[in-house]
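Structure first, commentary second.
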Amino acid sequence: MKPVLAVKDLSVTFRTEDGPVSAVDRVSFEVTAGEVLAVVGESGCGKSVTAMSIAGLLPRTATVNGSVELDGTELIGADKRTLRSIRGREVAYIFQEPMTSLNPVFTVGHQIIEVLRTHIGLNRQAAHARAIELLKLVGIPSAERRVGDYPHQLSGGMRQRVMIAMAVACDPKVLIADEPTTALDVTIQAGILDVLRGLRERLGTSIVLITHDLGVVADLADRVAVMYAGRVVETAEVHDLFAHPEHPYTVGLLGASPAAGRHAESQRLNEIPGLVPVLTEQPDACTFADRCPRAIDTCTSSQPQLTDGPHRVACWNPVRERVEV
Amino acid sequence: MTGYALEVEDLVMHFGPVRAVDGVTLRIRQGTVVALVGESGSGKSTVGRCIVRLLEPTGGTVRLADADITHLSRRQLRPHRRDVSIVFQDPAGSLDPRLSVGDIVGEPLRLMRRKDISTKVSESLRRVGLRPEVAQRAPHELSGGQRQRVSIARALISEPRLLVADEPTSALDVSVQASVLNLLADLQRDLGFACLFITHDLSAVEYLADEVAVMYLGQLVEQGPRARIFGKPAHPYTQALLSAAPVPDPAEQRARRPVLLGDDLPSAIDPPPGCRFHTRCPVAVDTCRTVVPERRTIGEGGHQVACHLVNDDGTGPDVRPTEGVAP
Numbered sequence: 166m167k168p169v170l171a172v173k174d175l176s177v178t179f180r181t182e183d184g185p186v187s188a189v190d191r192v193s194f195e196v197t198a199g200e201v202l203a204v205v206g207e208s209g210c211g212k213s214v215t216a217m218s219i220a221g222l223l224p225r226t227a228t229v230n231g232s233v234e235l236d237g238t239e240l241i242g243a244d245k246r247t248l249r250s251i252r253g254r255e256v257a258y259i260f261q262e263p264m265t266s267l268n269p270v271f272t273v274g275h276q277i278i279e280v281l282r283t284h285i286g287l288n289r290q291a292a293h294a295r296a297i298e299l300l301k302l303v304g305i306p307s308a309e310r311r312v313g314d315y316p317h318q319l320s321g322g323m324r325q326r327v328m329i330a331m332a333v334a335c336d337p338k339v340l341i342a343d344e345p346t347t348a349l350d351v352t353i354q355a356g357i358l359d360v361l362r363g364l365r366e367r368l369g370t371s372i373v374l375i376t377h378d379l380g381v382v383a384d385l386a387d388r389v390a391v392m393y394a395g396r397v398v399e400t401a402e403v404h405d406l407f408a409h410p411e412h413p414y415t416v417g418l419l420g421a422s423p424a425a426g427r428h429a430e431s432q433r434l435n436e437i438p439g440l441v442p443v444l445t446e447q448p449d450a451c452t453f454a455d456r457c458p459r460a461i462d463t464c465t466s467s468q469p470q471l472t473d474g475p476h477r478v479a480c481w482n483p484v485r486e487r488v489e490v
Numbered sequence: 017m018t019g020y021a022l023e024v025e026d027l028v029m030h031f032g033p034v035r036a037v038d039g040v041t042l043r044i045r046q047g048t049v050v051a052l053v054g055e056s057g058s059g060k061s062t063v064g065r066c067i068v069r070l071l072e073p074t075g076g077t078v079r080l081a082d083a084d085i086t087h088l089s090r091r092q093l094r095p096h097r098r099d100v101s102i103v104f105q106d107p108a109g110s111l112d113p114r115l116s117v118g119d120i121v122g123e124p125l126r127l128m129r130r131k132d133i134s135t136k137v138s139e140s141l142r143r144v145g146l147r148p149e150v151a152q153r154a155p156h157e158l159s160g161g162q163r164q165r166v167s168i169a170r171a172l173i174s175e176p177r178l179l180v181a182d183e184p185t186s187a188l189d190v191s192v193q194a195s196v197l198n199l200l201a202d203l204q205r206d207l208g209f210a211c212l213f214i215t216h217d218l219s220a221v222e223y224l225a226d227e228v229a230v231m232y233l234g235q236l237v238e239q240g241p242r243a244r245i246f247g248k249p250a251h252p253y254t255q256a257l258l259s260a261a262p263v264p265d266p267a268e269q270r271a272r273r274p275v276l277l278g279d280d281l282p283s284a285i286d287p288p289p290g291c292r293f294h295t296r297c298p299v300a301v302d303t304c305r306t307v308v309p310e311r312r313t314i315g316e317g318g319h320q321v322a323c324h325l326v327n328d329d330g331t332g333p334d335v336r337p338t339e340g341v342a343p
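Chains as they are written, first to last, in our numbering: chain G, 166 to 490; chain A, 17 to 343.
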């Protein structure tokens with residue numbers, strides 16, 4: 166199937182007072198229609214920068230190279246008009262903090278209606294009706310009344326639902342959800358994940374889910390890309406990744422989260438020693454090598470490339486023993 | 017000695033009209049870990065702050081190793097300070113940026129006018145897995161995980177009987193979280209202190225706790241041994257909470273069906289009458305809306321629940337949809 170979103174060799178470097186910092190290094194992935202791709206990694210791995218660079222949301226201190234194709238249209242280097250017509254309409258974002266993304270002085274209805282009038286050119290009445298429909302779609306009870314609420318009158322979960330309603334107002338092809346449930350409690354999170362699942366099923370929206378939470382990945386993703394220090398180190402179908410992780414970093418990450426029924430007496434958590442490096446430039450080596458329990462000589466002298474096939478890994482000494490967990 | 021490191025009786029903490037904590041009774045036996053679990057706004061951190069007396073409770077009592085410290089003045093509290101320590105969520109915000117790590121870790125001992133502080137600081141740093149040279153460094157030179165180790169070293173240097181750990185791993189990445197959880201488990205086993213582990217992270221609870229207490233809107237709804245709470249949760253809220261936390265296993269997670277409670281949390285200014293959970297409870301009946309449920313013992317190991325619908329033998333409604341059935 167032809168991908169809706171194709172990211173190829175995407176690199177991002179930031180100019181900072183302490184010199185250049187390489188945040189993303191030749192990242193490639195594809196998302197097909199109705200697919201949920203999870204981009205997973207810890208703080209500073211470049212997952213959010215990757216997401217922001219897709220529709221040109223990065224500040225001017227960022228230098229972006231490579232290619233991002235949305236349904237055949239190249240977005241990197243595209244002029245402002247093209248980007249403006251694509252943002253919100255073809256690619257929509259939802260962020261971690263709904264309160265900082267909503268305008269506190271307008272009702273939520275006003276903000277959704279604004280999106281509909283700007284991008285689709287609906288008249289006021291049609292936009293109002295559509296706004297209520299959208300609030301219903303994301304599971305907001307008594308939407309007719311809620312449409313007149315200000316953001317502060319809503320709970321955190323409701324605000325995130327409003328953000329999702331705004332994001333899907335123009336029926337975008339790709340929804341980029343950057344840690345959409347991280348600020349929410351688990352009972353609220355379950356509801357939001359349900360809404361996202363519903364969007365994919367009912368509207369066929371492709372979702373790029375940026376998260377650090379492996380439970381959320383297990384719940385929603387079809388495929389997973391694991392990032393470390395600006396690079397994709399492994400990508401696979403979700404069941405395959407959890408059952409047979411091949412990159413030592415993925416193995417470490419999976420072993421680090423406490424599983425059900427696991428207590429300190431019986432089973433220690435896996436630790437990954439050392440720290441994520443901050444890189445001024447990407448070395449011709451594996452950036453995980455100095456923390457890796459499986460590192461061999463090649464790892465420090467040559468950069469591993471992603472293999473081909475459905476389960477791809479960038480590692481000179483991947484875990485291939487099929488141990489049943 | 018009663019064998020309890022901490023006894024909290026009917027604790028109440030109101031901030032003006034906000035009833036943050038409204039009648040919490042909790043005991044921690046020497047050398048055991050009790051997890052206090054709840055969502056944002058449940059009042060769990062306020063309980064922790066009352067116990068270390070950063071707050072003076074509005075009502076009830078806090079007893080530390082048999083001493084009633086509920087209303088002691090700062091001066092009167094001083095001899096009890098070594099008995100209890102606290103570790104906060106954000107290590108960057110709780111370490112004084114102008115002090116060296118050594119000064120931070122040694123501060124409790126200096127306030128107690130103890131001798132040999134630098135030896136003890138080195139010891140304490142080594143115990144949390146840091147090199148003694150780290151004492152010369154400033155907090156900002158350390159990573160988040162290292163800073164949290166410094167907080168733990170400071171908290172444990174006075175050899176407290178009780179450690180209150182308030183979301184100690186929530187601000188950390190998964191791999192760093194793992195090392196801090198392992199460290200807490202090791203230290204607790206080796207030093208034998210009691211611990212109140214305040215968190216919203218249920219997987220960490222299962223990893224670390226001996227007993228679990230579940231809080232909702234200022235009150236405890238259920239408490240008991242870890243295996244009981246995770247294996248046979250009795251209160252509908254506990255069941256919902258456990259069903260909502262996703263597990264990092266796609267096959268298992270997709271077979272689960274979370275109980276959706278709705279997003280609107282009642283306010284702690286005007287909590288619902290009767291059972292406070294009735295507005296979101298999927299099985300609430302008329303009694304729940306008017307009569308406050310009493311706390312009852314329903315099983316061995318002190319399994320207690322405050323719910324009208326749970327029988328005395330622990331049986332009762334299970335709000336969780338049958339697992340493994342597709343929707």
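All C-beta atoms, glycine included, are put in the ideal place defined by N, C-alpha and C.
Computed from a predicted model, the values in this text were never measured in an experiment.
Would you mind working out which of G/Gly-321, G/Met-328 and G/Asp-244 sits nearest G/Leu-267, comparing C-alpha positions?
Taking the first sequence and counting its residues from 1, one reaches residue 267 of chain G at position 102. Answer by Cα proximity: G/Met-328.
Rounded C-alpha distance that separates A/Gly-47 from A/Pro-95
Taking the second sequence and counting its residues from 1, one reaches residue 47 of chain A at position 31. Taking the second sequence and counting its residues from 1, one reaches residue 95 of chain A at position 79. Between A/Gly-47 and A/Pro-95, the C-alpha separation is close to 21 Å.
So, is A/Asp-182 buried or exposed, given that buried needs 16 or more other C-beta atoms within 10 angstroms?
Here residue 182 of chain A refers to the residue found at position 166 of the second sequence. A/Asp-182 comes out buried.
Relative to the alpha-carbon of A/Phe-104, which residue among A/Arg-165, A/Leu-207 and A/Ser-174 has its alpha-carbon at the smallest distance?
What you label residue 104 of chain A is simply residue 88 of the second sequence in a count that begins at 1. Ranking the options by Cα distance to A/Phe-104, first place goes to A/Arg-165.
Leaving out the 5 sequence neighbours to the left and right, which residues in its chain are closer than 6 Å to G/Arg-396 when beta-carbon positions are compared?
To locate residue 396 of chain G, count along the first sequence from 1; it is residue 231. So the list reads Asp-190, once near-sequence residues are dropped.
Three-state class that DSSP yields for G/Asn-230 in the structure shown
Locating residue 230 of chain G in the first sequence gives position 65, counting from the first residue. It is a strand residue.
State the Cα-Cα distance for the pair G/Ser-208 and G/Pro-345, rounded to the nearest angstrom.
To locate residue 208 of chain G, count along the first sequence from 1; it is residue 43. To locate residue 345 of chain G, count along the first sequence from 1; it is residue 180. Answer to the nearest angstrom: the Cα atoms are 15 Å apart.
Secondary structure of G/Arg-246, DSSP reduced to three states:
Stepping through the first sequence from its first residue, residue 246 of chain G is reached at position 81. The answer is helix: DSSP assigns G/Arg-246 an H, G or I state.
Any idea if A/Asp-26 is buried or exposed, counting beta-carbon neighbours within 10 angstroms, 16 or more meaning buried?
The sequence position of residue 26 of chain A within the second sequence is 10, counting from 1. Looking at its Cβ environment, which holds fewer than 16 other Cβ atoms inside 10 Å, A/Asp-26 is exposed.
Which of helix, strand or coil DSSP assigns to A/Ile-133
Taking the first residue of the second sequence as position 1, residue 133 of chain A is located at position 117. Here A/Ile-133 sits in helix by DSSP.
A/Glu-310 in three-state terms, based on DSSP
For the purposes of this step, residue 310 of chain A is identified with residue 294 of the second sequence, where counting begins at 1. Coil, per DSSP.
Residues that DSSP places opposite A/Tyr-232 in a beta bridge:
On the second sequence, residue 232 of chain A is found 216 positions in, with the first residue counted as 1. Answer is A/Gln-235, bridged to A/Tyr-232.
For the stretch 221-296 of chain A, list the alpha helix (DSSP H) runs that are entirely contained and at least 4 residues long, ordered along the chain.
242-247, 252-260 and 266-271
Within the stretch 321-384 of chain G, ranges of the alpha helix (DSSP H) (whole runs, at least 4 residues)
321-332 and 351-368
Report back the beta-carbon spacing between A/Pro-107 and A/Ser-167 to the nearest angstrom; my notes put them in contact at under 8 Å.
Taking the first residue of the second sequence as 1, we reach residue 107 of chain A at position 91. Taking the first residue of the second sequence as 1, we reach residue 167 of chain A at position 151. Their Cβ separation, rounded to whole angstroms, is 5 Å, which keeps A/Pro-107 and A/Ser-167 in contact under 8 Å.
Please report the residue range of the alpha helix (DSSP H) in which A/Leu-207 lies.
The sequence position of residue 207 of chain A within the second sequence is 191, counting from 1. Residues 190-207.
Cβ shell of G/Gly-253 (< 7 Å), same chain only, five flanking positions each side left out
Counting from one through the first sequence, the residue named residue 253 of chain G turns up at place 88. Excluding sequence neighbours, G/Gly-253 sits near Val-280, His-284 and Cys-335.
Inter-residue CB distance, G/Ala-386 and G/Leu-202 (contact presumed, cutoff 8 Å)
Residue mapping note: residue 386 of chain G aligns to position 221 of the first sequence, counting from 1. Residue mapping note: residue 202 of chain G aligns to position 37 of the first sequence, counting from 1. Yes, they are in contact, since the Cβ atoms of G/Ala-386 and G/Leu-202 sit about 7 Å apart, within 8 Å.
Within 10 angstroms of the Cβ of G/Met-166, are there 16 or more other Cβ atoms? Answer buried if so, exposed if not.
In the first sequence, counting from the first residue as 1, residue 166 of chain G sits at position 1. Exposed, since its Cβ has fewer than 16 Cβ neighbours within 10 Å.
Please name the residue in A/Ala-260, A/Arg-79 and A/Leu-197 whose C-alpha comes closest to that of A/Leu-224.
If you number the second sequence from 1, residue 224 of chain A lands on position 208. The shortest C-alpha separation from A/Leu-224 is found at A/Leu-197.
Would you say the stretch 465-480 of chain G touches the stretch 250-268 of chain A, given that touching needs at least three Cβ pairs under 8 Å?
no
Does chain A have any CB closer than 7 Å to the CB of G/Phe-179?
Within the first sequence, residue 179 of chain G is the residue found at index 14, counting from 1. It does not; no Cβ of chain A falls within 7 Å.
Under a three-way DSSP split, which group does G/Ser-466 fall into?
Start at 1 with the first residue of the first sequence, and residue 466 of chain G comes out as number 301. Three-state result, G/Ser-466: helix.
Secondary structure of G/Lys-212, DSSP reduced to three states:
Numbered from its first residue, the first sequence carries residue 212 of chain G at position 47. Note: G/Lys-212 maps to helix in three-state DSSP.
Could you tell me which chain A residues have their CB closer than 7 Å to the CB of G/Thr-352, listed as they occur along the chain?
The residue given as residue 352 of chain G occupies position 187 in the first sequence. Ordered by position in chain A, the residues that pass the 7 Å Cβ test against G/Thr-352 are Glu-55, Ala-256, Leu-257, Ala-260 and Leu-277.
So, with DSSP's three-state summary, where would you put G/Val-490?
Numbered from 1 along the first sequence, position 325 holds the residue referred to as residue 490 of chain G. In this predicted model, G/Val-490 has a pLDDT of only 43, less than 50, meaning its place in the structure is not dependable; the value taken from the coordinates is given anyway. Reduced to three states, the DSSP call for G/Val-490 is coil.
From A/Glu-55, A/Val-50 and A/Thr-18, residue whose alpha carbon lies closest to that of A/Ala-36:
Along the second sequence, read from residue 1 onward, the residue named residue 36 of chain A stands at position 20. Nearest C-alpha to A/Ala-36: A/Glu-55.
Can you tell me whether DSSP reads G/Gly-426 as helix, strand or coil?
Here residue 426 of chain G refers to the residue found at position 261 of the first sequence. The answer is coil: DSSP assigns G/Gly-426 none of H, G, I, E or B.
Are G/Lys-173 and G/Glu-255 closer than 7 Å when you measure CB to CB?
Here residue 173 of chain G refers to the residue found at position 8 when the first sequence is read from its first residue. Here residue 255 of chain G refers to the residue found at position 90 when the first sequence is read from its first residue. Cβ atoms of G/Lys-173 and G/Glu-255: not closer than 7 Å.
Give the range of the alpha helix (DSSP H) segment to which A/Ile-168 is assigned.
Start at 1 with the first residue of the second sequence, and residue 168 of chain A comes out as number 152. Run containing A/Ile-168: 160-172, per the alpha helix (DSSP H) assignment.
Residue environment, G/Glu-489, which counts as buried when at least 16 other CB atoms sit within 10 Å:
To locate residue 489 of chain G, count along the first sequence from 1; it is residue 324. The predicted position of G/Glu-489 is uncertain, since its pLDDT is 45 and thus under 50; a value taken from the coordinates is nonetheless stated next. By the neighbour-count rule (16 or more Cβ atoms within 10 Å), G/Glu-489 is not buried but exposed.
Counting C-beta neighbours from all protein chains within 10 Å, is the total for A/Gln-152 16 or more, i.e. buried, or is it exposed?
Position 136 of the second sequence, counted from the start, is the residue given in the question as residue 152 of chain A. So A/Gln-152 counts as exposed.
Which value, in whole angstroms, describes the spacing of the CA atoms of G/Ile-241 and G/Arg-326?
On the first sequence, position 76 is the one that residue 241 of chain G refers to. On the first sequence, position 161 is the one that residue 326 of chain G refers to. Rounded to whole angstroms, G/Ile-241 to G/Arg-326 spans 30 Å at the Cα level.
A/Ala-21 and A/Leu-178 look like a contact to me (Cβ under 8 Å); what is the Cβ gap, rounded to whole Å?
Counting from one through the second sequence, the residue named residue 21 of chain A turns up at place 5. Counting from one through the second sequence, the residue named residue 178 of chain A turns up at place 162. Sure, about 5 Å apart at Cβ, within 8 Å.
Buried or exposed for G/Ile-437, going by 16 or more other Cβ atoms inside 10 Å?
As a working mapping, residue 437 of chain G is identified with position 272 in the first sequence. By the 10 Å Cβ count, G/Ile-437 comes out buried.
Can you give the Cα-Cα distance for G/Asp-405 and G/Phe-271, rounded to whole angstroms?
Reading the first sequence from its first residue, position 240 is the one you call residue 405 of chain G. Reading the first sequence from its first residue, position 106 is the one you call residue 271 of chain G. Cα to Cα, the separation comes out at about 46 Å.
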